[in-house]
Amino acid sequence: MALHPDRLFPIEVDARVIARRLFNTVESLPIISPHGHTDPRWYANDDAFADPASLFVKPDHYIFRMLYSQGVKLEHLGVPRQDGRPVEADGRKIWRLFAKYFHLFRGTPSRLWFEHAMETVFGIEDRLDETNADAIYDRIASRLAEPSMRPRALYKQFNIEVISTTDAATDELSEHDAILSSGWDGRVVPAYRPDAVVDASRADFLANVEDFVALAGTRLDYQGYLEAHRVRRAYFKQRGATSTDHGHPNARTADLPSSQASALFERVLKGVSPDDADLFRAQMLTEMARMSVDDGLVMQIHPGSYRNHNPSLFRAFGTDKGADIPRSTSYVEELKPLLDALGNDPRLTLILFTLDETSYSRELAPLAGHYPALRLGPAWWFHDSPEGMRRFRELTTETAGFYNTVGFNDDTRAYLSIPARHDMARRVDCAFLARLVADHRLDEDEAHEIAHDLAYRLAKRAYKL
Amino acid sequence: MALHPDRLFPIEVDARVIARRLFNTVESLPIISPHGHTDPRWYANDDAFADPASLFVKPDHYIFRMLYSQGVKLEHLGVPRQDGRPVEADGRKIWRLFAKYFHLFRGTPSRLWFEHAMETVFGIEDRLDETNADAIYDRIASRLAEPSMRPRALYKQFNIEVISTTDAATDELSEHDAILSSGWDGRVVPAYRPDAVVDASRADFLANVEDFVALAGTRLDYQGYLEAHRVRRAYFKQRGATSTDHGHPNARTADLPSSQASALFERVLKGVSPDDADLFRAQMLTEMARMSVDDGLVMQIHPGSYRNHNPSLFRAFGTDKGADIPRSTSYVEELKPLLDALGNDPRLTLILFTLDETSYSRELAPLAGHYPALRLGPAWWFHDSPEGMRRFRELTTETAGFYNTVGFNDDTRAYLSIPARHDMARRVDCAFLARLVADHRLDEDEAHEIAHDLAYRLAKRAYKL
Amino acid sequence: MALHPDRLFPIEVDARVIARRLFNTVESLPIISPHGHTDPRWYANDDAFADPASLFVKPDHYIFRMLYSQGVKLEHLGVPRQDGRPVEADGRKIWRLFAKYFHLFRGTPSRLWFEHAMETVFGIEDRLDETNADAIYDRIASRLAEPSMRPRALYKQFNIEVISTTDAATDELSEHDAILSSGWDGRVVPAYRPDAVVDASRADFLANVEDFVALAGTRLDYQGYLEAHRVRRAYFKQRGATSTDHGHPNARTADLPSSQASALFERVLKGVSPDDADLFRAQMLTEMARMSVDDGLVMQIHPGSYRNHNPSLFRAFGTDKGADIPRSTSYVEELKPLLDALGNDPRLTLILFTLDETSYSRELAPLAGHYPALRLGPAWWFHDSPEGMRRFRELTTETAGFYNTVGFNDDTRAYLSIPARHDMARRVDCAFLARLVADHRLDEDEAHEIAHDLAYRLAKRAYKL
């Protein structure tokens, strides 16, 4: 289906016309992408992308989780096995399988992102199916060889102003150095994600921490460990980082006396109990917030995913294979230790995300509508979708307003979906605003200002970009 | 009020026109009713229904719970008491009481189902009230004597292709045998519902299990008990069953080593603790799933109801009197033991239901959008309603798509409401699809295909009917 | 922005026209305000209100919590400190600060309430901003001196038929006596709110209870304490009270044997554990319900707020400063002890509120749609808003109907917002009803009757006013 200019706008006539006017003024704003998972090597090396299946199917857990749910084996989609046993290597065969099952994506955001990329990047308006799979594969494949399809050219085509990657605390950031020294004028910044040296329940935790303190040149005790964070945060900041990111199973925080925190660290370095690991993660969120007050890095918490829920799939294929499942997540008591310490400090910006929509109106909007340090991240992951974004606004705006939110995050590994995702977010926000104008809750001049804020200014301001 | 041809369609003009086109192609499709509680004796004996009150009021807990909530005594509605003390026997008096309080049903699905039956079965377009109660009673009563009002004739009039009853594991299914041997061409299949021999918290559990193994001809130990399930499942399957059904207080599953499961069984046969009863139910869900892999019966879990919440009402009137109240229900950790064992097995179809709508987007859609064995049942019980069905689609489609859902269940004891309920579901699904077409998320040809799938094909396929 | 006559109506054309017709018949109905927090001294003394900041900013925690969340200090808004240190006293400066940050309220109900008061009370149609702040301040200030701006004149202008205050159990109600003896024909009734003598976790609990039994002339033991409640309830009832109100952290109830309850009371008078405090609150809800059966006072439970979540703000500024945060709240098991004792008693009216919207469809509507004693209070606090009220109706009506709800509560300390809030509630309810008529779920004559019920009759009936 060709992209319709009114897609995702209100279906009520008056509101649709207002939405058009709003969107018209924000459609072409540059993309601020303050949180995502694109590969810094793309921008450093500027290599051509491989075949269509490697671009659209193999790396996208939204795509292959849906195919898997209907009985397609991951091996047949070319997803590499942990044991190195062979998987499908023929991109065309993978693509045909994707085309055969393309109807599964009806009503999903993946479908809309895919078709946006097809049309805006490749000029393809046909709906993928088994009959045209080969022809479309060939068209894409032939285009991928062109210089205009390289990562840096696409960065310009996508009108990206700045994009953040997400990087382990022990990452040397050599690609970021390479980008900086290359003279290219794109802006790619890292984000400090220390989960691997914070989550003591991981099998590799001790080894990670040993590498971490060695890299930072500090001692393997709690003070040395904290110092290592400071060292590495400064290292990231020097390379443009403005934020940290923390992916935890829950939103628990703690603020232990120093001696207890130190003893806890010693315990988790040895064999760890689940309770201690949870408490250590909780303690580290407050330590990270304290460091953010000092160094100004914006802090993000992404809680509530049960990672690797499917153990046999995990053994065969590893992490990030579509088997992460959200859980009930609460914030009111969980965040209190951190907020008691730093919630009133205007130097801290703590951006909260959730996979549990029940927290929007009950907890997150009331918290963000009070604490100076708190802001709400946009609808996340499974909720990065038209209905999910609409619910986010409907459930948070009346209590937290627009200005305790931070614009849009694309949060993706799929490079070609970035403009599609920002386009979707801008459309859905304009649709929401248009309805408020249409039923006279808001004046249209205000809606224009808010649309611009949501599409561009709020992300730039909240993330200090 | 006369049934309006556009009822439940979008009120936006463009979408309404699309919804009409979609509904037009599915309105007359045969009814697949894969899960419900109609009485097999109706089809076996084909007796006339009694008076209007016995048809519409006395057996319908949706109706009398609402009247009870406003102070009407169940005795006055003819609901039989457990102690046999007299209750109102005059159908006309009961009917007048119903008519007097009919305004309570404004905005409820019961109202819409009732009026659909009134008009399509009895040709009555007047809105029930105290002034016309007697006249309407007489019209219905006179029609009930006609041959066209017998269950088998209505089955044909309703355009039912197949309907499933729900039957205890110890049921002889003699009515099903009678139907099969009668030469009638209606298709009425049983479903295996073993709750009474699985829920050890019931006072009659030991007696039920003793009857159960006796009936199956197996021993009263754990292996014999499991074998009895296999025997009875085969018995059901021979009579057309394609599914099992499990109504549990929560969605907990377990997969104990055989020796522990066996010891647990021995314990619950004697005085049982609530913890053991819960664990035994959990264990049995996994055992049932294993048997489903072997015999192909589709498995349904209906969790999360606090049954018989009102003890004085329960003592006076027994079960199913409108006092079952939903509770917060979670699935992510609860289902894990079963899913670890069988979630990736394509031979298993496990259909999940919920009374806790918060689980739709947070847990159920992410789970069903990943595990090959999982499918989502439709909006259930209190959510079998226009708003409930709309929320179900809005909250599940973007993550699980349409094809991890299974179409509609009417789940009713009220025979005349069956076409009304399917009509409502088809309208609400077409309305949902029409909105996706109107804002260009879906092409209309796809919406037609999905509408047909949701109304007919998905239920048939998922339930193997 | 000037108030638009169609504000908050459906944006679909057909439904908007229906909503206009519905609203037209209820717009001018008198206001029944059965639950709120206006100051009885206003009606007793009929003094002029002070400056605009004292009227609109300083007392309104909706306003200053939002400003605080964006870094404005409460001192700068004139909010008094607990330690008596100076805060901004210049109303004009406070007003300018409010004007500067007025854009924060875009999309919030506070914005709509404020502009309704501006236009209907002061004739001001301009949108507040920094450029017109002084001029608007002057216009309001000059009007406040006029006799028509006194509380009693506004009571008449607002078309209030009856309004309830909320008063501590130990309150002498001298203002209510003064109002009654003044010959003024306004009706201002108290409500019995015994939290300070029921919540044993409070530092002042023992002192409160001592004052309480002294005031009632009863002994300081459990029977004397219960008798003191009876004495004080009768005292309130003599002054027009028809209701009690209970603000608890959760909805837990208990029904202990008398000896255990008595021992619990003795324990909580001495140093109290959190568990005992929780149990005592739970027990007292059931005792209150028992007394309601005797004296006919309608009972309200407002559960689920974590009060004073921000300890440093609490130390500096005290209670009710926007730092109360909702928590997950469940009802099914929590209310059972009370309901087991009294849920079937038609002499009891127990009105339930929630800050946890997940309970609407899962628990509250099913409970209220069954128990004769239960009714649902309207969307409360953070949900007293257009989207919040819409969700309340969408999530409760299909299971509980309209007639297990009790109309609207304004629940405010902000006198000028009262007509604005009732206007909003009537509009949103008419919008909801108009949609049901437009998609043929309801006849329009019924919608007219329901609109009248929701705007006026249900509150009057439920609260016995």
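Protein chains in written order, with the working numbering: chain A, 13 to 477; chain B, 13 to 477; chain C, 13 to 477.
Where is the CB? At the ideal position from N, CA and C, for every residue including glycine.
This one's a predicted model, so the numbers in the text were calculated from it and none came from an experiment.
- Out of C/GLY316, C/HIS321 and C/ALA353, the CA that lies nearest to the CA of C/ARG339 is found in C/GLY316.
- DSSP, read as helix, strand or coil, puts C/GLN295 in helix.
- Under a criterion of Cβ atoms nearer than 7 Å, no residue of chain A is adjacent to B/ALA145; the nearest Cβ is some 41 Å distant.
- Contact of B/THR411 with chain A is assigned, a C-beta pair being separated by under 9 Å.
- B/ALA62 is classed as exposed because its beta carbon has fewer than 16 other beta carbons within 10 Å across all chains shown.
- Where A/GLN312 is concerned, the enclosing beta strand (DSSP E) starts and stops at 310-315.
- A direct Cα-to-Cα measurement between C/THR370 and C/PRO349 gives close to 22 Å.
- The beta-carbon of A/SER340 is placed less than 9 Å from the nearest beta-carbon of chain B.
- Using a 10 angstroms sphere on the CB of B/SER193, the tally of other CB atoms stays under 16, which defines it as exposed.
- Here A/ASN322 is buried. Its C-beta has 16 or more other C-beta atoms within 10 Å.
- C/ASN421 is outside the set of residues whose beta carbon lies under 9 Å from a beta carbon in chain A.
- Per DSSP, the continuous beta strand (DSSP E) segment holding C/GLY259 begins and ends at 255-260.
- The beta-carbon of B/SER317 is placed no less than 9 Å from the nearest beta-carbon of chain A.
- Interface annotation, A/ARG32: not in contact with chain C, CB-CB separation never under 9 Å.
- If you compare the alpha carbons of A/ALA60, A/TRP107 and A/GLN82 with that of A/MET161, the shortest gap goes to A/ALA60.
- B/LEU124 places its beta carbon less than 9 Å from that of B/ALA432.
- DSSP lists A/ASP179 and A/THR256 as the bridge partner or partners of A/TYR204.
- Just measuring C-alpha positions, the residue of C/TYR74, C/ALA180 and C/ARG77 sitting nearest C/GLY259 is C/ALA180.
- By the Cβ rule, the stretch 373-382 of chain B counts as touching the stretch 408-425 of chain B, because three or more pairs are nearer than 8 Å.
- Counting C-beta atoms within 10 angstroms of its own C-beta, B/ASN421 has 16 or more neighbours from the protein chains shown and is therefore classed as buried.
- With respect to the C-alpha of C/LEU351, the residue from B/ILE337, B/LEU364 and B/ASP451 having the closest C-alpha is B/ILE337.
- Contacts with chain C at 9 Å (Cβ-Cβ) do not include A/LYS476.
- Excluding sequence positions up to five before and after C/THR298, its CB lies within less than 8 Å of the CB of THR265, ALA266, ASP267, PRO349, LEU350, ALA353 and LEU354, all in the same chain and listed in chain order.
- C/ARG438 sits in a helix when the DSSP states are folded into three classes.
- For A/LEU360, no beta strand (DSSP E) encloses it, and the DSSP letter there is neither H nor E.
- Interface criterion not met: the Cβ of B/TYR167 is under 9 Å from no Cβ in chain C.
- Counting every other CB atom within 10 Å of its CB across the protein chains shown gives C/ASN36 a total below 16, marking it as exposed.
- At a cut-off of 9 Å, the C-beta of C/ALA294 has no neighbouring C-beta in chain B.
- The way I'd put it, the stretch 429-447 of chain B doesn't touch the stretch 146-158 of chain A; fewer than three beta-carbon pairs between them come closer than 8 Å.
- By the CB criterion at 9 Å, C/TYR343 and A/GLU345 fall outside the cutoff.
- Against chain C, the CB of B/ARG97 has no partner CB under 9 Å away; the residue lies outside that interface.
- Taken in chain order, the complete alpha helix (DSSP H) segments of 4 or more residues contained in the stretch 222-285 of chain B are 234-250 and 270-281.
- Within the stretch 93-128 of chain C, the complete alpha helix (DSSP H) segments at least 4 residues long are 103-112, listed from N- to C-terminus.
- When 7 Å is used as the limit between beta carbons, C/MET78 is near these residues of chain A: GLY381 and GLY413, in chain order.
- Approximately 6 Å separates the beta-carbon atoms of C/ALA335 and C/ASN320; this is inside 8 Å, confirming the contact.
- One finds GLY413, PHE414, TYR415 and ASN416 in chain A with Cβ atoms closer than 9 Å to the Cβ of C/LEU116, taken in chain order.
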